[in-house]
Amino acid sequence: MEETKKLKKFASLFLASSLVMGALAGCGGNNESKDSGSSGGGDKDVIKIGANLELTGNVASYGSSIKQGAELAVEEINKNGGIDGKKVELVAVDNKSENSESSAAALRLATQEKVDVMIGPATSGNVLAAVQIANQNKIPMVTASGTAPNVTENENGSINEYVFRTCFIDPFQGVIAANFATEELGVKNVAIFADNSSDYAKGLASAFKEQIEKNGGKVVAEEAYVAKDTDFKSTLTNIKKTNPEFIFIPGYYEEVGLIVKQARELGIDVPLMGADGWDSPKLVELAGAESLNNTFITNHYSSEDPDEKIQDFVKAFNDKYGEKPNAFHALGYDTVYFIKDAIERAGSLDGEKIKDALAATKDISLITGTFSVDEKHNAVKSATILEYKDGKQTFRTKIEP
Amino acid sequence: MDWLQQLFNGISLGSIYALIALGYTMVYGIIKLINFAHGDVFMLGAFVGFFAITRWEMGFIPALITAMIVCAIIGVIIERVAYKRLRNATRIAALTTAIGVSFLIEYTMIFFRGATPEAYPKNVLPEKTIEILGAKLDYKIIFILIVTVILMVLLQFIVHKTKIGKAMRAVSYDADAAKLMGINVDNTISATFAIGSALAGAAGVIFGAYYTRIDPLMGVLPGLKAFIAAVLGGIGSIPGAMVGGFILGIVETIVSAVGYSLWRDAAAFIILILILLLKPAGLFGKNIREKV
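One line per chain: the protein sequences are A and B, in this order.
If you're matching positions, the first sequence starts at 1 in UniProt numbering and goes up one per residue.
If you're matching positions, the second sequence starts at 1 in UniProt numbering and goes up one per residue.
Structural data, given as structure tokens:
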């Protein structure tokens with residue numbers, strides 16, 4: 001596989017260079033007029049938003065969903081007169097779900113397409129690969145769904161000045177889950193069963209633990225598993241022994257499906273809760289609709305939310321694409337409006353001014369919640385709690401930070 | 001009654017290992033080849049069973065038999081294509097080839113259908129539990145246990161009481177002499193692979209029905225664990241594979257039960273190292289000196 005990839009890369013490089021050679025040889029003198037078109041210049045009547053997204057590759061569904069959401073938002077904005085009278089143009093580049101392609105895509109958007117703002121990749125790893133290019137070229141980059149804390153905040157505590165996000169960060173979901181457990185479900189003794197091979201799950205578990213203890217709860221059992229395990233019964237039997245009233249299971253649907261099923265088979269009928277890693281139709285197939293009753297997840301948004309604004313969005317989206325929008329669609333849509341709001345307040349297309357305006361965002365009301373940007377460039381916003389009922393996600397409540 | 005529940009958990013895990021180990025140990029016993037592709041035939045069996053149940057709407061037993069037949073054919077093809085010409089080569093060449101075949105099967109599968117998991121439909125096996133002293137025993141475990149024991153007895157019968165079994169043992173003892181006695185060595189080895197792979201296919205369908213999730217790389221870890229079970233019981237010994245499987249399952253469960261769930265896989269491999277150091281022939285193996 002690696003071999004063919006290399007061959008492909010080589011072939012494309014060869015093709016590209018021969019094309020350039022051809023162009024150089026053919027055009028000789030008067031190709032300058034063509035150039036000036038794409039390099040734009042200061043006073044343009046079009047605002048260019050670049051989108052560096054996973055349109056192919058293994059997380060293609062995330063990137064394509066964000067693109068669809070963003071396209072709908074751009075269409076609406078242009079219909080309503082654009083931003084400060086200027087039309088918006090979305091330039092999408094595929095990063096093939098790969099880190100190296102992500103930085104290449106960002107570079108292309110920054111230097112060739114000369115976009116004013118970028119929508120960053122969907123996954124945290126790909127965002128990180130593009131961070132440096134955004135900072136160097138002073139082009140603000142907003143990721144719709146990169147939830148890892150280190151996307152905006154480096155390990156040494158410094159902030160990536162030009163990077164922002166529309167979604168909440170991972171540990172926040174743990175906090176919300178803990179608050180939901182104590183306030184809504186009224187439980188005290190909880191257990192944690194986390195995927196020890198994923199930073200995402202470990203981050204959620206530690207945030208959950210901290211918050212539940214702050215709320216006066218007690219963690220009676222803390223167990224772990226690793227991705228690809230299939231038999232969880234012995235550990236679950238251990239957890240059952242401690243009689244928890246609630247079990248928090250941060251992880252991904254592939255294992256969680258089996259955990260939920262085996263827990264119910266062992267007679268564990270207390271509420272189980274997870275986060276957006278559960279959000280997949282496969283979960284229902286693996287666990288079975290019945291086992292999933294009395295389980296909850298935190299998520300960015302729900303298309304079932306009765307809020308009028310959300311229902312309008314669901315309808316507009318359904319009219320355009322013929323399906324119900326998922327969380328990524330909503331986040332992509334919101335990202336464009338988040339950018340629009342900042343450009344309007346900046347009153348300019350200067351990267352530095354837009355960046356400052358993004359950082360100063362306060363109480364902007366969007367589909368995935370009302371949010372403000374904190375000093376770490378993270379969105380402080382509400383999270384939606386969904387409950388599984390007979391295999392369907394239903395809207396339970398919304399929790400403010 | 002937590003210890004009883006844990007014992008049930010251990011038995012259910014162990015019977016899956018035992019089922020895969022049976023095929024492993026049989027192929028080794030006859031042609032002295034550690035067939036690392038065994039775990040992947042197990043995976044193919046799980047997928048054949050899955051398609052049989054979902055696409056062709058078969059019941060569990062017909063699906064099990066279909067998977068066993070398909071896997072038997074695949075096993076024979078693997079032997080004819082990859083291992084046959086290496087019969088007189090060094091052991092290490094055959095072993096390396098087996099690992100190669102294993103990767104070939106895994107990644108061909110991923111190439112054609114991607115790495116996303118599938119979920120076995122519900123109610124393939126009765127979803128019922130009975131309570132014994134407060135511990136829940138799944139009907140499925142009883143079912144798996146019965147299937148494993150039946151297959152083991154059947155295998156013992158084939159190897160020790162039938163003509164083909166006699167031929168297998170003769171080939172195992174001395175292939176050249178067996179040939180001189182008029183035994184068709186090629187057919188005998190093919191039969192060995194057919195039976196071993198059919199067992200792997202059966203294990204795949206049962207695994208899918210019990211654990212629900214199947215994916216193209218699902219055979220790797222169970223394959224290795226079954227290998228450990230086979231070595232533990234004495235590789236080449238059919239009852240040994242069975243006992244080794246159960247011991248391994250129960251040990252892993254105990255390790256998790258005392259709170260070291262992340263050490264479960266490590267414990268299995270520590271067993272492998274210990275058994276190879278202290279009793280390389282395994283619990284039931286005969287200590288035969290190699291002919292030089």
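Backbone N, C-alpha and C fix where the C-beta goes; we use that ideal spot for every residue, glycine too.
Under the DSSP definition of a beta bridge, which residues are partnered with residue i?
i: A:Tyr-388; result: A:Gln-393
i: A:Tyr-225; result: A:Asp-195
i: A:Lys-86; result: A:Ile-83
i: A:Thr-295; result: A:Leu-272
i: B:Thr-129; result: B:Asp-138
i: A:Ile-49; result: A:Leu-90 and A:Val-117
i: B:Glu-118; result: B:Ile-214
i: A:Ile-247; result: A:Ala-191 and A:Leu-272
i: A:Lys-202; result: Bridge partners of A:Lys-202: none, in fact.
i: B:Ala-226; result: Answer is none; B:Ala-226 lacks a bridge partner.
i: A:Ala-383; result: A:Ile-399
i: A:Lys-218; result: A:Asn-189
i: A:Ile-364; result: A:Phe-371
i: A:Glu-76; result: BP columns for A:Glu-76 are empty, so no partner.
Please list, in chain order, all residues of the same chain as residue i whose beta carbon is under 7 Å from its beta carbon, the five residues on each side excluded.
i: A:Ile-176; result: Thr-298, Ala-383 and Ile-399
i: A:Phe-317; result: Leu-72, Pro-325 and His-329
i: A:Thr-230; result: Leu-258
i: A:Val-314; result: Ser-303, Lys-324 and Pro-325
i: A:Gly-82; result: Val-88
i: B:Ala-267; result: Val-251, Glu-252 and Val-255
i: A:Lys-340; result: Ile-77 and Ile-83
i: A:Asp-374; result: Val-380
i: A:Ser-102; result: Asn-52, Asn-95, Pro-121, Asn-126, Ala-129 and Ala-130
i: B:Met-68; result: Ala-198, Gly-201 and Ala-202
Less than 9 Å between CB atoms is the rule here; does residue i satisfy it with respect to chain A?
i: B:Glu-106; result: no
i: B:Glu-57; result: no
i: B:Ser-15; result: no
i: B:Pro-117; result: yes
i: B:Ser-102; result: no
i: B:Gln-5; result: yes
i: B:Glu-79; result: no
i: B:Asn-184; result: no
i: B:Ser-256; result: yes
i: B:Leu-224; result: no
Which of the three DSSP states is assigned to residue i in this structure?
i: B:Arg-169; result: helix
i: A:Phe-371; result: strand
i: B:Gly-201; result: helix
i: A:Gly-63; result: helix
i: A:Met-141; result: strand
i: A:Met-118; result: strand
i: A:Ser-303; result: coil
i: B:Phe-51; result: helix
i: A:Phe-164; result: strand
i: A:Ser-158; result: coil
i: A:Glu-400; result: coil
i: A:Glu-352; result: helix
Is any beta-carbon of chain B found at less than 9 Å from that of residue i?
i: A:Lys-389; result: no
i: A:Glu-245; result: no
i: A:Asn-294; result: no
i: A:Tyr-62; result: no
i: A:Gly-57; result: no
i: A:Leu-272; result: no
i: A:Tyr-225; result: yes
i: A:Lys-315; result: no
i: A:Gly-257; result: yes
i: A:Ser-234; result: yes
i: A:Leu-266; result: yes
Please work out which residues of its chain come closer than 8 Å, Cβ to Cβ, to residue i, disregarding the five sequence neighbours upstream and downstream, and give them in chain order.
i: A:Ser-158; result: none
i: A:Thr-111; result: Asn-137
i: A:Asn-160; result: Val-131, Ala-134, Asn-135, Val-151, Thr-152, Glu-153, Asn-154 and His-377
Sorted by chain position, which residues of the same chain lie with C-beta nearer than 6 Å to residue i's C-beta, five sequence neighbours on each side aside?
i: A:Ala-105; result: Asn-52, Val-93 and Asn-95
i: A:Glu-222; result: Ile-192
i: B:Thr-129; result: Lys-136 and Asp-138
i: A:Ala-342; result: Ile-354, Ala-357 and Leu-358
i: B:Ala-257; result: Gln-6
Notebook entry, point to check: Looking at chain B, which residues of the region 96–112 of chain A have a Cβ within less than 8 Å of any of its Cβ atoms?
Noted result: none
Notebook entry, point to check: Which residues, in order along the region 192–218 of chain B, keep a beta-carbon less than 7 Å from a beta-carbon of chain E?
Noted result: Judged by its chain identifiers, the structure shown contains no chain E, and its protein chains are A and B.
Next item on the list: Output, in sequence order along the chain, the residues in the region 261–288 of chain B whose CB is closer than 9 Å to any CB in chain A.
Entry: Ser-261, Leu-262, Arg-264 and Asp-265
Notebook entry, point to check: For the region 117–134 of chain B, which residues have a beta carbon sitting closer than 7 Å to at least one beta carbon of chain A?
Noted result: Pro-117, Ala-119, Lys-122 and Thr-129
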